[in-house]
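The working numbering puts the first residue of the sequence shown at 794, with every later residue one more than the last. Encoded as structure tokens, the structure appears first; notes follow it.
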Amino acid sequence: MADYSPIELGNTLPTLKLFTSPRACSTACHIALEESGLPYSVDIIKIREEQHQTDAFLRINPWGKIPTFLIDDEVLTEAHAILSYIGDTSDRGLLPQGNALARARAHEWMNFLTPTVHIAFRPLFKPHYFVDDPALYPNLHAIG
Numbered sequence: 794m795a796d797y798s799p800i801e802l803g804n805t806l807p808t809l810k811l812f813t814s815p816r817a818c819s820t821a822c823h824i825a826l827e828e829s830g831l832p833y834s835v836d837i838i839k840i841r842e843e844q845h846q847t848d849a850f851l852r853i854n855p856w857g858k859i860p861t862f863l864i865d866d867e868v869l870t871e872a873h874a875i876l877s878y879i880g881d882t883s884d885r886g887l888l889p890q891g892n893a894l895a896r897a898r899a900h901e902w903m904n905f906l907t908p909t910v911h912i913a914f915r916p917l918f919k920p921h922y923f924v925d926d927p928a929l930y931p932n933l934h935a936i937g
């Protein structure tokens, strides 16, 4: 398997910047960056204030989605893709190397967690997606 480490690709680490939002799926990317040991910066985007829909942000990511990850001037979106990049470029063993099945299992879990476990928490954080009456929000929280 190829080693995608930026150190191998010219001894120059790219500039990494994560656009994230508190309590969003982008938190996984932020945690992975912390664990990776890679130098990076963070820009907090407040989704509730619709900062992801501003002209400035849409120039970076026309889809207006979080997470958004800049690798120098390249834009990478989707948590799974970002997590894979971080795992491939870190030398801390965040993703299995050299064993195709183990690597596939890691991707299998990332693909499972995003649309199932992660989305299951939506009623807790976004009750307005499910009911119009704010008086019913506690009921959604109770049955989560």
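Backbone N, C-alpha and C define an ideal beta-carbon position, used for all residues, glycine too.
Just so you know, the alpha carbons of Pro860 and Ser814 end up roughly 8 Å apart. Between the segment 892-905 and the segment 832-851, the count of C-beta pairs closer than 8 Å stays below three; the two stretches do not touch. Beta-bridge analysis with DSSP links Phe812 to Asp836 and Thr861.
Secondary structure in the segment 866-892: the beta strand (DSSP E) runs of 3 residues or longer, each lying completely within the stretch, are 867-870 in chain order.
For the set Trp856, His823, Leu888 and Ala817, the Cα lying nearest the Cα of Lys810 is the one of His823. For Ala872, the closest C-alpha among the options Ser819, Tyr833 and Leu929 is that of Ser819.
Assigned with DSSP and collapsed to three states, Phe914 falls in coil, not helix or strand. By alpha-carbon distance to Ile875, the top candidate from Pro931, Arg841, Val924 and Ser829 is Ser829.
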